[in-house]
Amino acid sequence: DAGISLCDAVNFIVEKYDLVRTDRRGFNAETQSPLLSSIDILRARKATGLMTRNDYRTVTDITTGKYREVQP
Numbered sequence: 020d021a022g023i024s025l026c027d028a029v030n031f032i033v034e035k036y037d038l039v040r041t042d043r044r045g046f047n048a049e050t051q052s053p054l055l056s057s058i059d060i061l062r063a064r065k066a067t068g069l070m071t072r073n074d075y076r077t078v079t080d081i082t083t084g085k086y087r088e089v090q091p
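Residue numbers for the sequence shown follow the numbering used here, so the first one is 20 and each next one is one higher.
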């Protein structure tokens with residue numbers, strides 16, 4: 020709960036450790052950015068079965084840094 024989005028947190032690690040993406044066919048590190056977008060995270064959640072229709076808005080809010088957990 021550092022006040023940054025999931026994308027920003029992951030992309031910080033990508034930049035810090037100079038990571039490259041291996042999920043795209045024909046990927047060339049010289050022409051494409053290794054950084055993730057919120058769409059990439061949504062696709063990964065859907066592909067792994069972690070996202071249903073009901074939590075699409077919540078996932079979108081989390082990946083864009085707009086999610087605020089409701090306190091009881």
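Built from N, CA and C at the ideal position, the CB exists for glycine as well.
7 Å CB neighbourhood of residue i in its chain, flanking five on each side removed
{"i": "Asp42", "result": "none"}
{"i": "Ile81", "result": "Leu25"}
Continuous alpha helix (DSSP H) stretch holding residue i: start and end
{"i": "Ser57", "result": "57-66"}
{"i": "Ile32", "result": "25-35"}
{"i": "Arg76", "result": "75-82"}
Contacts around residue i, its chain only, beta-carbon distance under 8 Å, and the 5 residues preceding and following it disregarded
{"i": "Thr83", "result": "Ser24, Cys26, Ser57"}
{"i": "Val78", "result": "Ile60, Leu61, Arg64, Met70"}
{"i": "Pro53", "result": "Val33, Leu38, Val39, Arg40"}
Closer than 7 Å: residue i CB and nearest the ligand GDP heavy atom
{"i": "Arg62", "result": "In terms of ligand content, the structure shown is empty, and the ligand GDP therefore cannot be addressed."}
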